[in-house]
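A quick write-up on the structure given underneath.
In UniProt numbering, the protein residues as written are 1 to 76.
Here's what the structure looks like:
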């Protein structure tokens, strides 16, 4: 897997691997290789989502500094 693979491309590839494995008509050796590749893609996608989440949950305060976003929990 390329390190700079776009998220959507990695997810599509992962979905295809899952589909193939669910069908169950691949030889054992290929199934093992597909499983390993799927785990790599899953880890990659999880990292990308975590990075995106971290970017989304920080805000910039009045001094222009980033700080964690803390919802008001209904307080005004």
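Where a beta carbon is used, it is the ideal one built from N, C-alpha and C, also for glycine.
Going straight from the alpha carbon of residue 50 to that of residue 16, what length do you get? About 22 Å.
Would you mind working out which of 9, 66, 34 sits nearest residue 19, comparing C-alpha positions? Minimum Cα distance to residue 19 is reached at 34.
Simplified DSSP state of residue 77, which is helix, strand or coil: Residue 77 lies beyond the residue range present for the chain, which begins at 1 and ends at 76; the question has no answer from this structure.
Given that a residue counts as buried once 16 or more other Cβ atoms are within 10 Å of its Cβ, and exposed if not, what is residue 41? Counting every other CB atom within 10 Å of its CB across the protein chains shown gives residue 41 a total of 16 or more, marking it as buried.
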